[in-house]
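Have a look at the structure below before the remarks.
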Amino acid sequence: MSEPARPYTLVAELTYRCPLRCVYCSNPLDYGRHRDELDTETWLRVLGEAEELGVVQLNLTGGEPLVRDDLEAIIAEARRLDLYTNLITSGIPLRRERLARFRELGLDNVQISIQDTDAAGSERIAGRRSFDRKLLIAGWVKELGFPLTLNTVLHRENLDHVADIVALAEQLGADRLELANTQYLGWALPNRAALLPTQAQLTRAREVAAEARRRLRGRMEVLFVTPDYYTDLPKACMDGWGRRFIVLSPHGLVLPCHAAHSLPGLHFDSVKEKRLAEIWVDSAGFNAFRGEDWMPEPCRSCERRATDFGGCRCQAFHLTGNAAATDPTCHLSPDHGLIETARRTAAAATPAPFIYRTARRAG
Amino acid sequence: MISTESRPRLAAKARLRFDRKSSRYMLLYPERGLVLNPTAADVLQRCDGLRTVGSIVEELAQQYGHEVPAVAREVMTFLQTMTDRGLVHAEV
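In order, the protein sequence lines correspond to chains A and B. Numbering-wise (this note's numbering), the first sequence opens with residue 12 and increments by one. Numbering-wise (this note's numbering), the second sequence opens with residue 30 and increments by one.
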């Protein structure tokens, strides 16, 4: 195989610890088993290796990155390397002085998640009180001169509130609003029956978002990510496996996406043992689904194969048991019936109770 | 709308960075980046909120040895696109 292209973005999952218990958390179900988070020195080394390899964007995420007390050192090093650094946070364990310090150290952007437009709806998703605190912290972000991204994960309980979410984002002075429908992986898959919206909900919400995008053009960027369960075409997950993104897990595994280590039979390397450049080029896990050689039909001869790269490998595995299958969200997939059944269930269902994220659940 | 009197500046979320791999400037913003051609980079490096579009055009016309009207058309179209994308703010 030819040398892979450079990566552009390092997604630094600094920890799986988090004060929230969101029912759609993308962390692995067995996250409680993973211990021994990387130390500061290793993170700083890896940032340099990532920049050397071509990375220009750094997302500091988790879990909740604020629970690490070395975030200051990480931000300072990222700035020294001239990486564009985005802190993706619940905002919960944060003092104003600490946020001001991040500004001095050169943090570029703060992204805060809002679960819904009121305290009760938010707490139902996050499993604890957090809403008022988030609004307060979003205010600090703007007061301190940061650009603010507001992110809301959409599902059947808040999809009808998109107009109110837009209004809240405007009120908070957000520079960017990400309305991202739930991806049914991690904790969202066991909660799918409770979260998957109906087609009618989705169509209305998409229209509201499109109108907001036109009205707010040049002032607030409004993104709306449609759930692939309703597009009949797969997403170009991570812009293709091992093409542009590196995800580094809290304990050091270098991954093409944050769920890749849930795929059996793939070997991923750790930054504790190897340099990032070597892993990016040679890792068996990265090379497993690069290019087109791995593709089955109908992907192999499909004219969209260089557009969607066969979709999401994790979704293929978690729905069909085969990570090398065509993503079942594709209407050409032999397993597309699984998606159609989920959609029919969503249209008919009385929603199921939520399973909250917890470290005690067996993986 | 962008006019020759506008004083454009980069949006708070956007930052220029020279990229060694491509030997080009990039405009970085949350989760995205644009690889800039040399002219686009020359324009954005001058978007400091102080210079007017008119003065940016004159500087570049002189630097490239091109006619002012042609440079003006190119610069205005580019800055309008960047303004619509929320990456440049133009104060009149």
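Even glycine gets a Cβ: it sits at the ideal position worked out from N, Cα and C.
{"Check": "7 Å Cβ cutoff, residue 76 (chain A) in contact with chain B", "Outcome": "no"}
{"Check": "Where residue 114 (chain B) falls: helix, strand or coil (DSSP)", "Outcome": "coil"}
{"Check": "Closest residue to residue 342 (chain A) among A:322, A:328, A:332 and A:357 (Cα-Cα distance)", "Outcome": "A:322"}
{"Check": "First and last residue of the uninterrupted beta strand (DSSP E) at residue 92 (chain B)", "Outcome": "Note, residue 92 (chain B): premise wrong, no beta strand (DSSP E); alpha helix (DSSP H) at 82–93."}
{"Check": "Neighbourhood of residue 374 (chain A) by C-beta, 6 Å cutoff - its chain only, sequence neighbours within 5 removed", "Outcome": "Any answer about residue 374 (chain A) is weak, because its pLDDT of 42 lies below 50 and its placement is not dependable; what the coordinates show is given next. Counting only Cβ-Cβ distances below 6 Å, and skipping sequence neighbours, we find 40 and 41."}
{"Check": "Start and end residues, alpha helix (DSSP H) containing residue 62 (chain B)", "Outcome": "No alpha helix (DSSP H) contains residue 62 (chain B), which is instead part of the beta strand (DSSP E) from 61–64."}
{"Check": "Per-residue contacts from residue 97 (chain A) into chain B (C-beta, under 8 Å)", "Outcome": "59 and 60"}
{"Check": "Segment contact flag, the segment 283–290 of chain A with the segment 316–335 of chain A, C-beta cutoff 8 Å, min 3 pairs", "Outcome": "no"}
{"Check": "Sufficient close CB pairs (3 or more, under 8 Å) joining the segment 207–221 of chain A to the segment 229–248 of chain A", "Outcome": "yes"}
{"Check": "Euclidean distance between Cα positions of residue 251 (chain A) and residue 117 (chain B)", "Outcome": "30 Å"}
{"Check": "Of the residues A:62, A:242, A:87 and A:303, the one placed nearest residue 354 (chain A), counting alpha carbons only", "Outcome": "A:242"}
{"Check": "Identity of the residues DSSP links to residue 47 (chain B) by a beta bridge", "Outcome": "B:54"}
{"Check": "Cβ pair residue 10 (chain A), residue 86 (chain A) closer than 7 Å", "Outcome": "As shown, chain A starts at 12 and ends at 374. That puts residue 10 (chain A) outside it, with no answer to give."}
{"Check": "Residue environment, residue 278 (chain A), which counts as buried when at least 16 other CB atoms sit within 10 Å", "Outcome": "exposed"}
{"Check": "Positions along the segment 106–119 of chain B whose CB lies within less than 7 Å of some CB in chain A", "Outcome": "112, 113 and 115"}
{"Check": "Any C-beta of chain B under 7 Å from that of residue 373 (chain A)", "Outcome": "Interpretation of residue 373 (chain A) is limited by its pLDDT of 46, a score under 50 that renders its predicted location unreliable; the figure taken from the coordinates is listed afterwards. Judged by the 7 Å Cβ criterion, residue 373 (chain A) is not in contact with chain B."}
{"Check": "Per DSSP, cross-strand counterpart(s) of residue 23 (chain A)", "Outcome": "A:71 and A:259"}
{"Check": "Residue 168 (chain A) versus A:310, A:158, A:188 and A:132, residue with shortest Cα-Cα distance", "Outcome": "A:132"}
{"Check": "Where residue 228 (chain A) meets chain B, residues with beta-carbon distance less than 7 Å", "Outcome": "113"}
{"Check": "Per-residue contacts from residue 192 (chain A) into chain B (C-beta, under 8 Å)", "Outcome": "Neighbours of residue 192 (chain A) on chain B: none; closest Cβ ~16 Å, over 8 Å."}
{"Check": "Unbroken alpha helix (DSSP H) run spanning residue 84 (chain A), endpoints", "Outcome": "82–91"}
{"Check": "Close beta carbons around residue 223 (chain A), own chain, < 6 Å, minus the five adjacent residues each side", "Outcome": "177 and 233"}
{"Check": "For residue 124 (chain A), the first and last residue of its enclosing beta strand (DSSP E)", "Outcome": "120–124"}
{"Check": "CA-to-CA distance, residue 76 (chain B) to residue 111 (chain B), given in whole angstroms", "Outcome": "11 Å"}
{"Check": "Buried/exposed call for residue 25 (chain A), threshold 16 Cβ in 10 Å", "Outcome": "buried"}
{"Check": "Three-state secondary structure (DSSP) of residue 137 (chain A)", "Outcome": "helix"}
{"Check": "Residues, ordered as in the chain, of the segment 156–183 of chain A that lie near chain B by beta-carbon distance below 8 Å", "Outcome": "156, 157, 158 and 160"}
{"Check": "Three-state secondary structure (DSSP) of residue 51 (chain A)", "Outcome": "helix"}
{"Check": "Nearest-angstrom Cβ-Cβ length linking residue 93 (chain A) and residue 42 (chain B), presumed shorter than 8 Å", "Outcome": "That pair is no contact at about 16 Å."}
{"Check": "Whole beta strand (DSSP E) elements within the segment 163–196 of chain A, 3-residue minimum", "Outcome": "187–192"}
{"Check": "Reduced DSSP secondary structure (H/G/I, E/B, other) of residue 216 (chain A)", "Outcome": "helix"}
{"Check": "Amino acids of chain B, ordered along the chain, whose beta-carbon sits closer than 9 Å to that of residue 282 (chain A)", "Outcome": "Here the premise fails: no neighbours, minimum Cβ distance about 21 Å."}
{"Check": "Chain B within 7 Å of residue 23 (chain A), Cβ atoms only", "Outcome": "no"}
{"Check": "Chain A contact for residue 70 (chain B) (CB, 7 Å cutoff)", "Outcome": "no"}
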